[in-house]
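Report on the structure given below.
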Amino acid sequence: AAGLVAVLLRDSADRLNEQEHQTQNTIVQSVIKRQMAKLRTYIFDYAVWDDTYDQFAGEPDAQWLKENLGPYVVPTFQVSNAAVISAGGKLRYWYDEKSGEDKHPHTDDLAMLVEHARTAVADERAGRATPIIGTIKFDGRPYFLAVYAISVGSDKRKAGPERSSNALIYLK
Numbered sequence: 507a508a509g510l511v512a513v514l515l516r517d518s519a520d521r522l523n524e525q526e527h528q529t530q531n532t533i534v535q536s537v538i539k540r541q542m543a544k545l546r547t548y549i550f551d552y553a554v555w556d557d558t559y560d561q562f563a564g565e566p567d568a569q570w571l572k573e574n575l576g577p578y579v580v581p582t583f584q585v586s587n588a589a590v591i592s593a594g595g596k597l598r599y600w601y602d603e604k605s606g607e608d609k610h611p612h613t614d615d616l617a618m619l620v621e622h623a624r625t626a627v628a629d630e631r632a633g634r635a636t637p638i639i640g641t642i643k644f645d646g647r648p649y650f651l652a653v654y655a656i657s658v659g660s661d662k663r664k665a666g667p668e669r670s671s672n673a674l675i676y677l678k
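Going by the working numbering, the sequence shown opens with residue 507, and the numbers climb by one from there.
The following block contains the structure:
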């Protein structure tokens, strides 16, 4: 009888452990979906904006960058990094939550971001603008990634010839 009780208790404990695991997995998946949805909104709001497009059509104004990109979006949207990379692969802007604008990404990490930026710009130019949202390993750690081609946002300018040549990137 004692053996039967032990088997029943073990089976019951196994079922409880499996249920707990499934519950935790559901919670984690929900958190990830929420984070990605937030990043999708944040990246779109700043990438598809005439001001951002105009700033990166030339050399961006330092005061505008301070008020609208890195020092603003990092704490406001709780992202770790903000970057702008051209379709040609040039790092046009970088902001890191820890070191500000001083520390640029490692060459391999930058190459990965350049590829995402090129894809986003190419998609926008082909009329298929959509955010690139996912997870990546950056600087040896996992991050959420959001990339979107910088483009004009006003209806009047959307009908014109202006097309993206830069992408905005957030890492969280």
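Where a beta carbon is used, it is the ideal one built from N, C-alpha and C, also for glycine.
Can you give me the start and stop residues for the beta strand (DSSP E) that residue i sits inside?
{"i": "Leu498", "result": "There is no way to answer for residue 498, as the model of the chain reaches only from 507 to 678."}
{"i": "Pro648", "result": "Arg647 to Ala655"}
{"i": "Asp602", "result": "Leu597 to Asp602"}
{"i": "Ala673", "result": "Asn672 to Leu677"}
Could you tell me whether the Cβ atoms of residue i and residue j are closer together than 8 Å?
{"i": "Ala553", "j": "Ala655", "result": "yes"}
{"i": "Ala674", "j": "Phe644", "result": "The residue asked about is misnamed: residue 674 is Leu in this sequence, not Ala. Going by C-beta atoms, Leu674 is not nearer than 8 Å to Phe644."}
{"i": "Tyr559", "j": "Val620", "result": "no"}
{"i": "Asp556", "j": "Ser660", "result": "yes"}
{"i": "Ala593", "j": "Val579", "result": "no"}
{"i": "Ile639", "j": "Thr625", "result": "no"}
{"i": "Lys596", "j": "Asp602", "result": "no"}
Of the residues the options, which one's Cα is nearest the Cα of residue i?
{"i": "Ser670", "options": "Val585, Leu619, Asp608 and Ala632", "result": "Ala632"}
{"i": "Pro577", "options": "Leu597, Lys604 and Arg598", "result": "Lys604"}
{"i": "Ile591", "options": "Lys664, Ala652, Thr641 and Arg540", "result": "Ala652"}
{"i": "Phe650", "options": "Glu668, Lys539, Ile533 and Asp614", "result": "Lys539"}
{"i": "Gly606", "options": "Gly595, Leu571, Glu630 and Gln561", "result": "Leu571"}
Could you have a look at residue i and say whether DSSP puts it in helix, strand or coil?
{"i": "Asp567", "result": "coil"}
{"i": "Thr636", "result": "coil"}
{"i": "Ser592", "result": "strand"}
{"i": "Lys609", "result": "coil"}
With a 10 Å radius around its C-beta and 16 neighbouring C-beta atoms as the bar for buried, classify residue i as buried or exposed.
{"i": "Pro581", "result": "exposed"}
{"i": "Ala563", "result": "exposed"}
{"i": "Asn531", "result": "exposed"}
{"i": "Arg647", "result": "exposed"}
{"i": "Leu575", "result": "buried"}
{"i": "Arg598", "result": "buried"}
{"i": "Trp600", "result": "buried"}
{"i": "Glu565", "result": "exposed"}
{"i": "Asp629", "result": "buried"}
{"i": "Val627", "result": "buried"}
Taking the continuous alpha helix (DSSP H) assigned at residue i, which residues delimit it?
{"i": "Arg481", "result": "This structure leaves residue 481 out entirely; the chain is present only between 507 and 678."}
{"i": "Val658", "result": "Per DSSP, Val658 belongs to no alpha helix (DSSP H) and is neither H nor E."}
{"i": "Val579", "result": "Gly576 to Phe583"}
Following a CB-centred definition, is residue i positioned closer than 7 Å to any heavy atom of the ligand SAM?
{"i": "Thr636", "result": "The model on display carries no ligand, and the ligand SAM is accordingly not part of it."}
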